[in-house]
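Chains as they are written, first to last, in the working numbering: chain A, 1 to 623; chain B, 1001 to 1563; chain C, 2001 to 2160.
Glycine included, each C-beta is placed from N, C-alpha and C at the ideal position.
A quick note: this is a predicted structure, and the numbers were derived from the prediction, not measured.
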Ligand SMILES: Cc1cc2nc3c(=O)[nH]c(=O)nc-3n(C[C@H](O)[C@H](O)[C@H](O)COP(=O)(O)O)c2cc1C
Ligand code: SF4
Ligand code: SF4
Ligand code: SF4
Ligand code: SF4
Ligand code: SF4
Ligand code: SF4
Ligand code: SF4
Ligand code: SF4
Ligand code: FES
Ligand code: FES
Ligand code: FES
């Protein structure tokens, strides 16, 4: 039980010293990705081996011991290369570690201090020994993710040893108004998509008359292709809790909720574990650090609905209702959870807060650009060489992200487009204006995209943009809550039209109609889901109109993705006229004379592909 | 809040309007809506009420508060385009068989489609046919015509507290229906029909039983007699362009005769019987302090609500039959004999403001040897349909008077049709000779009006009687809970399921949106009849006396329910 | 399901949530955990106990994807079709599973109640796309062939 600020400082000192005593630390990534790759077994094995050799130190940092600490860390962001093992203080990063590699790691690296090059990141014949040198990490600024992958995600002691909860302790000595002002001065804007100034939101809640207020952390993260919040909740849960606690102090709220989507069981466990620890240490609960301030946090598990990420749907869901957004006003700051003033912020937003409190607003603003201070975490996926979770200062250009950090396009292909902001975002293309654009809430909005939660899907030349629009529309259509007419009926209609086009049945009128529906839904839908659902359609219509025309007028899919538009043809130069294909075709689309080239009647062919397989001479192809 | 805004270039002043929509409507612009009813919570789902602001933003006017200096356009090119698209989207997922539709000509979807000139369907029709629910004795639910505006859900949950209809599923799959896909007759639906009042389309309609009446009329061997409930006469006119509250009983009498009904009577007369029976029953229970409070029994939706939710309180409900069933019971007494004499069959039709009365008439206890006390219940709405079918000119038809003997009613019987009416009628009997005219007026005023719960305290023979009047089942439920918990105490409680009482029943004509004003006008129609009635009190009705003496001959049993 | 038995267990869950109707979602979640699905009589019982309308509880149970009013299989397979997984060919995996288990988009549970197959949008392990989970265990970078093997192993175990 920590009773006051001095207690906290002396504990920090104790844990830090204990950590420093550990000669070596082995951090086995225990994020979802690496666990899926078998990292838990690797952790157990390394631990056992170290123990056998009498080198293991206790996880309890109250004792100062010399030896090797073996820990489970959170996600490093480089999940694709997992399971990852990081060795400190040499900062070696081993990739794709297998159970068989454990002995070598223990004997060679831990005992002898030698690197194992075959497990290290290599490109163009160059071996990158330390994590920090790897291009994927080198260009990043890991502020929010600082602890992720570097500390034991299940230990409050390590968090405290690294300066944890000092920000909250500091906040407890400040006037709520001053905390709000500090956050306002830092320029922090919400990381959940909207970019609303956090300090302003808190001040509004603080100013409400109702004495009952809530702090809600939005960990619904339903955007397909995004896992920033998950990694933070799993890798550094205490930082989220500390951020919420500070928000509670700043807005005089005494209860917090964390809404975590049901698909994230590990995040729930880590958060619950962290909450229990914080309670035990007196950092949550009644009369925290003897300040008279009390704060409790509960976890609420979602039940599977993307729309519950929307603020009013989220609160409705906690209140035991269908997660349907409601009309605003009243806004959440006035009447949010249980009709009380509520701070609703995103996981990453909360994780920024302790940093600002500790370092001050000016320091924080050194990161990022005017009106968009700090960093942003992105989930870089798709056809780039290095996929994973990255953190860069606001204002970084797409080019830097895709080519410097992401390592460019896979397999030497050409870059075609990048979709930012998931299903509610837009597609940007390879042109100066887009790729050199310093990323910020405002710059993206100006080109019809949005930062959204930070999903970033890179697409290469083989991607069909009409199909991409169809894919995102099928997502929003499925996830619409069905309350308002434009979104409920409109997303369905847009999807129908896009399906029609990708099946090769589109007509010119469909393009106009598609635009009209998109325009209507964008402008009249009730909530953010509907208002942004047409973005992928509108942005692809704007930047890739040619591709739509090709589908509709020429009836071809330039990227050869849309099956309905492919034609199956026989190459007369290869065909030997054996008639095998004609016999197998279910619709009798193939005809010809024995020993002469056969032909396919394109009007009859249903593109089943049976003939392709049947031809012994590989004369039939899809074009 | 007050201030001014510019709407379509014209400066207008606002003063406490809850939302921009009301302000727009107060300025005589009929902005289209599907999901807005001033008495329900704001749902904001149809987006038809969208308007454009001067900086090009599109906002839903039902859910924004007026703001000083704001400038909006209600009919800009963009707004028009969006509204059309919303309608197109709706229609393409709607069973569009207007010519065969119960609601045609009075359907909001249809009329807006006309108004916005939707004459081409650019989307392919996409409707997965769902089963129509004919199971309820009162209403028909056709999900193929539902636009999911949520109005019925809100009425059923927020106003009636029954919560039979609800949203289920999500996205395009959203449905409005009873839980677990049950039919209405398998649910707790009390048949009040309030959902049908707010539904903008034909997704919920009254179970139309006019054909049964035609069949009876065309059968030479059948004598058709009709009883007309009080509330019908102050609302039917709305179907023919009259203002709510205008009294049309004379026209109803002459038209029913044109239709072929043989004898036309007044349910207000049997209401007089109810007053007498119920006040006697009350005084009896009150003196014995037995099963109090006594709940009124004339609203079948209320009775069913209690049976469903508070079975232990059924003993508190008056054993008196409702006026409709008292009429049926008495009429059968008279006509059974007559039928035998002239070899005919008597067919009893009620014309009621109420969908629940259809269910009431079908209840087992109101059938004897396979013969129902009331054969068919027509709602005001169905009567209007029949009138339109025969094509008489409602404006010009002469008024006629009702038939005898059951055509004379007191003012007390007439005001049954509005909330507080039953109580006032009973008080007129209990307080007779006890107070001066003015004192009684003051007491009566306490129970009049549209407030959700009204109270009165009277002293009779040195004992204090506490009375409550409540309408709307959700309000009634709150009251019951308070009574059960001992927080409140009453001796007599009048409950009407429909807000405002029967004048706003589920079988009445539907204005675009039913408001307090509609209710108030219809109620004042009833009070205006009361004003000119020579007989004010039930006990003074000479027909009532003759029923007791000549027909019942002391056998009051048939006026009560025996279970 | 034996009546008295389920009432007792549901009562216990409800009282753990202080008979608070606002906790309805958590209550339903726990009940579903008990039975693997939401039997109608269980939902009706919860609604009556908490004094909320049947249509409300039905509305909630049909709104959220994780609730099922139909019996689910013993093994729940979720195939991610989020952006990252879709781009990396998740659909062929789904098709393979459907083929292997004789299921479709409409019929998601096998007759022997051994498997239920659902698609989800992002399991949050996008770096490892395409991803599936079987009973919440994440399987990274799956291929159609690997999936078939997984399924056959489970089937074998079930027989033993
Ligand atoms: C359909 C929809 C889904 C959303 N999903 C999320 C989400 O998963 N996580 C999140 O933090 N915000 C999400 N948001 C944004 C939230 O509504 C809200 O703006 C945000 O949580 C506020 O926090 P912030 O200011 O810290 O960003 C979503 C919004 C919409 C309209
Ligand atoms: S926009 Fe879509 S998700 Fe939002 S309220 Fe309307 S239907 Fe629901
Ligand atoms: S693809 Fe199928 S339908 Fe077309 S020609 Fe070949 S076998 Fe016939
Ligand atoms: S199977 Fe091949 S070689 Fe034989 S006829 Fe067909 S295309 Fe020609
Ligand atoms: S509900 Fe309205 S629009 Fe639909 S068929 Fe009936 S009249 Fe036509
Ligand atoms: S409008 Fe013309 S087509 Fe339609 S029902 Fe009337 S007469 Fe027939
Ligand atoms: S008739 Fe009354 S109780 Fe029945 S569904 Fe309609 S509103 Fe609800
Ligand atoms: S039944 Fe009528 S009132 Fe109810 S949601 Fe459907 S259209 Fe609206
Ligand atoms: S209040 Fe009147 S109209 Fe309404 S249900 Fe009761 S009896 Fe019928
Ligand atoms: S889970 Fe290990 S790097 Fe992401
Ligand atoms: S009336 Fe405003 S959205 Fe329906
Ligand atoms: S898209 Fe499949 S795990 Fe994220």
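Under 8 Å by Cβ, that's how I've got residue i and residue j pegged, so tell me the actual separation to the nearest angstrom.
i, j, result
"residue 351 (chain A)", "residue 301 (chain A)", "Not confirmed; about 20 Å, so no contact."
"residue 282 (chain A)", "residue 2 (chain A)", "5 Å"
"residue 1045 (chain B)", "residue 485 (chain A)", "7 Å"
"residue 1295 (chain B)", "residue 1495 (chain B)", "6 Å"
"residue 1102 (chain B)", "residue 1205 (chain B)", "5 Å"
"residue 491 (chain A)", "residue 476 (chain A)", "5 Å"
Starting from the Cα of residue i, find the closest Cα among the options and give me that residue.
i, options, result
"residue 2112 (chain C)", "C:2047, C:2052, C:2014, C:2073", "C:2073"
"residue 199 (chain A)", "A:211, A:582, A:185, A:363", "A:185"
"residue 1558 (chain B)", "B:1343, B:1353, B:1320", "B:1320"
"residue 82 (chain A)", "A:66, A:36, A:104", "A:36"
"residue 1570 (chain B)", "B:1475, B:1037, B:1525, B:1115", "Nothing about residue 1570 (chain B) can be reported from this structure: the residues present for chain B run from 1001 to 1563 only."
"residue 190 (chain A)", "A:229, A:158, A:125, A:10", "A:229"
"residue 338 (chain A)", "A:56, A:602, A:213, A:621", "A:213"
"residue 636 (chain A)", "A:592, A:160, A:89", "The displayed coordinates of chain A run from 1 to 623. Any statement about residue 636 (chain A) would go beyond what the structure contains."
"residue 335 (chain A)", "A:316, A:219, A:75", "A:316"
"residue 409 (chain A)", "A:77, A:431, A:384", "A:384"
"residue 443 (chain A)", "A:483, A:369, A:324", "A:369"
"residue 2126 (chain C)", "A:208, A:72, A:378, A:183", "A:378"
Since residue i meets chain C, which of its residues come closer than 8 Å, beta carbon to beta carbon?
i, result
"residue 1169 (chain B)", "2062, 2063"
Are residue i and residue j close, meaning C-beta to C-beta below 8 Å?
i, j, result
"residue 705 (chain A)", "residue 140 (chain A)", "This structure does not reach residue 705 (chain A), given that chain A is present from 1 up to 623, and the question cannot be answered."
"residue 252 (chain A)", "residue 206 (chain A)", "yes"
"residue 580 (chain A)", "residue 605 (chain A)", "no"
"residue 1329 (chain B)", "residue 1191 (chain B)", "no"
"residue 267 (chain A)", "residue 260 (chain A)", "yes"
"residue 1248 (chain B)", "residue 1258 (chain B)", "no"
"residue 552 (chain A)", "residue 507 (chain A)", "yes"
"residue 1293 (chain B)", "residue 1483 (chain B)", "yes"
"residue 1021 (chain B)", "residue 1061 (chain B)", "yes"
What does residue i touch in chain A if you count any residue whose Cβ is under 7 Å from its own?
i, result
"residue 1050 (chain B)", "524"
"residue 1093 (chain B)", "489"
Mind pulling the chain B residues with CB within less than 7 Å of residue i?
i, result
"residue 534 (chain A)", "In chain order: nothing, as chain B lies at least about 12 Å away."
"residue 414 (chain A)", "The contacting residues do not exist; residue 414 (chain A) stays about 36 Å from chain B at best."
Below 9 Å on C-beta distance, what does residue i contact in chain A?
i, result
"residue 1086 (chain B)", "485, 486, 489, 490, 520, 524"
Run through the DSSP bridge pairs and tell me what residue i is partnered with.
i, result
"residue 1326 (chain B)", "None, per the DSSP bridge assignment."
"residue 2139 (chain C)", "C:2132"
"residue 73 (chain A)", "A:29, A:152"
"residue 346 (chain A)", "A:218"
"residue 1345 (chain B)", "B:1222"
"residue 1015 (chain B)", "B:1002"
"residue 86 (chain A)", "A:27, A:93"
"residue 1459 (chain B)", "B:1464"
"residue 1471 (chain B)", "B:1496"
Can you pull the chain C neighbours of residue i, defined as C-beta to C-beta under 9 Å?
i, result
"residue 1165 (chain B)", "2055"
"residue 1157 (chain B)", "2053, 2055, 2056"
Quick one: list the residues of chain C neighbouring residue i, beta-carbon separation under 7 Å, in chain order.
i, result
"residue 153 (chain A)", "Near residue 153 (chain A) there are no residues of chain C at all, since even the closest Cβ is about 15 Å away, more than 7 Å."
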